[in-house]
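Chains as they are written, first to last, in the working numbering: chain A, 16 to 330; chain B, 16 to 330.
Put into structure tokens, the structure is as follows:
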């Protein structure tokens, strides 16, 4: 994956495409600009691409774990809409050096997670490619889809679990750090869990949701922009996982700056009128929604406007 | 694209995946094994990947023409099911050397064809990739989806228009042959037309359909296999377009062998009880459906079993 802090080329490109292709079909409730495409009848569809050397590193991913990882990341877009998965289409891009055995293991990884969510692998495509990768299209259904655009002034901003762990895990694996010192982070990078069940419980409480795939600042910025509100993140309320604290301390990075830009945690960032009570799920209140526009950070009484600094998938 | 005549690795891999992932969800009418995923409510979804150097050659594709080409090829899977397109999701895989201007031109190509079919571009993904390419997911609706499995003994096998033209066009462009000698073929390779409207007219007559993307023998084999029937292609009835005849003659290839394996024409291969009458559409009767199994070729009274020899997307 590419870290391009401050580079807004992907956001600009999506904005450009969105302006050129306004929603016209009446079957569609929401197209470009949310985690997934939403049909009026509640069908939700999302598509994500993954490439070796960009999104994953086969020096420490096994094909099995890769299958789990990519399907989990794809399903996270359904979780963000509070959708229940139905099936996935996998378009597999194979280089010559991928063996049939490895493809079988990849599908075992898919199988592990698709069984958990009682969903089908219902088709796709297999092509030769100069780069090993895949594009997964996931299809689900939501009775009440949670959009990015539903945040309202007076609500608070919440997040499930800790942020930044996946990127710590990626760095620990990449830099061959002692694995036993970063167990949660490594697990989080390799096998993230889409918050499918949590999102369904949340949908009683929440009116706007996004998954944390691009870093807290980028994801919160999307919520603010799509809902046309001002979101203030309270720096003191962002929880720091010990493994995030440890590596940031060693690498002399500000853990807050790190969390604002570290992506791929696939947690849920959402707004609600009151804190949801969901058994066994950690939920942290990390900010507020107020009238206005844009994303702000409050810190020891001060407040400053910030720009999305998250992961960008383009340079 | 890869020509691997006789190599059945892709078919074998799809069979393997299909056996491992049987259809379980009741919302799904047909999953792996047809041109697209079919939901019981008539929603049809298909996904296709395209990569530079494998599926297209940027020495003669402009970004605009490429946009048209890839969307047309994707829509052909909806045509094969007699579905009407609703929208597409585009997952764009960009290398560093693709400019914003080129992305704009690519989307102009998408725009040209999506306007024709009154469909939306309703989302997708943009990622950095080691290889330039894209995966397009198309979504449509069919009142009466035409499956591969509906062929019945006693029917005839038909095809719209000529076969083999696209591959002739690809070779003409690749080998820098005089373009004015292969105008239809070159147009067919660059800007194929998905038979969306034709398929909708056909659905009154036909009970089984596939688009000719992998070569006549592979596509007819799929119809025979999915319908559990025997299909006999009558060699003398296969129409040979003058441009196919010309290049095959120059290259000393048997035009029939060529057509059996040349893909990407995106015509409709279908079975029906009688020849459909559709204004302005050329339809050729090229074979019959009988009791039994497998694919056969009849020639001057003789008949022989043949194997799929079409384009494979894997080596």
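For each residue, glycine too, the CB sits at the ideal point set by N, CA and C.
CB contact check: residue i to chain A, cutoff 8 angstroms
i              : result
residue 154(B) : yes
residue 108(B) : yes
residue 38(B)  : yes
residue 241(B) : no
residue 157(B) : no
residue 234(B) : no
residue 311(B) : no
residue 59(B)  : no
residue 227(B) : no
residue 46(B)  : yes
residue 150(B) : yes
Segment limits, alpha helix (DSSP H) that includes residue i
i              : result
residue 259(B) : 257-266
residue 92(A)  : 78-95
residue 128(B) : 115-131
Rounded separation between residue i and residue j - CA only
i              : j              : result
residue 147(A) : residue 109(A) : 5 angstroms
residue 55(B)  : residue 46(B)  : 11 angstroms
residue 281(A) : residue 72(A)  : 19 angstroms
residue 329(B) : residue 26(B)  : For residue 329(B), the pLDDT reaches just 43, beneath the cut-off of 50, and the residue's location in the model is therefore unreliable, although a value from the coordinates is still provided. If I take the Cα positions, the gap works out to 10 angstroms.
residue 69(A)  : residue 294(B) : 50 angstroms
residue 41(A)  : residue 259(B) : 43 angstroms
residue 196(B) : residue 213(B) : 28 angstroms
residue 128(B) : residue 198(B) : 21 angstroms
residue 103(A) : residue 204(B) : 30 angstroms
residue 142(B) : residue 246(B) : 43 angstroms
residue 31(B)  : residue 57(B)  : 27 angstroms
residue 210(A) : residue 227(A) : 11 angstroms
residue 236(B) : residue 174(B) : 14 angstroms
residue 244(A) : residue 318(A) : 16 angstroms
residue 208(A) : residue 165(A) : 24 angstroms
residue 160(B) : residue 283(B) : 14 angstroms
residue 217(A) : residue 315(A) : 30 angstroms
residue 296(B) : residue 176(B) : 7 angstroms
residue 44(B)  : residue 287(B) : 22 angstroms
residue 48(A)  : residue 120(A) : 34 angstroms
residue 194(A) : residue 262(A) : 12 angstroms
residue 17(B)  : residue 276(B) : Residue placement at residue 17(B) is flagged as unreliable, the pLDDT there being 31, under the threshold of 50; the coordinate-derived value follows with that caveat. Between residue 17(B) and residue 276(B), the C-alpha separation is close to 11 angstroms.
residue 292(B) : residue 285(B) : 14 angstroms
residue 267(B) : residue 273(B) : 11 angstroms
residue 310(B) : residue 232(B) : 8 angstroms
residue 222(A) : residue 162(A) : 7 angstroms
residue 189(A) : residue 62(B)  : 33 angstroms
Start and end residues, beta strand (DSSP E) containing residue i
i              : result
residue 149(A) : 148-156
residue 8(B)   : Because chain B in this structure spans residues 16 to 330, residue 8(B) falls outside the shown range and cannot be described.
residue 44(B)  : 43-45
residue 247(A) : 245-249
residue 142(B) : 135-143
Within-8 angstroms CB hit, residue i to chain B
i              : result
residue 120(A) : no
residue 259(A) : no
residue 82(A)  : no
residue 52(A)  : yes
residue 175(A) : no
residue 222(A) : no
residue 331(A) : Nothing can be reported for residue 331(A): it is not among the residues displayed for chain A, which extend from 16 to 330.
residue 42(A)  : yes
residue 323(A) : no
Could you name each continuous beta strand (DSSP E) segment of 3 residues or more that falls completely within the segment 174-238 of chain B, going from the start of the chain to the end? 221-226
Identify each residue in the segment 86-108 of chain B for which the Cβ-Cβ distance to at least one residue of chain A is less than 7 angstroms, and report them in chain order. 101, 102, 104, 106 and 108
What are the residues in the segment 133-147 of chain A lying within 8 angstroms of chain B by C-beta distance? 133, 134, 135, 136, 137, 138, 139, 140, 141, 142, 143, 144, 145 and 146
Going along the chain, which unbroken runs of the alpha helix (DSSP H) with 4 or more residues stay wholly within the segment 271-322 of chain A? none
With 9 angstroms as the C-beta to C-beta threshold (strictly closer), list the residues of the segment 61-78 of chain B near chain A in chain order. 61, 62, 63, 64, 65, 66, 67, 68, 69 and 70
For the segment 24-62 of chain B, list the beta strand (DSSP E) runs that are entirely contained and at least 3 residues long, ordered along the chain. 43-45 and 52-54
Can you give me, in chain order, the residues of the segment 23-34 of chain B that have a beta carbon less than 7 angstroms from any beta carbon in chain A? 25, 28, 29 and 32
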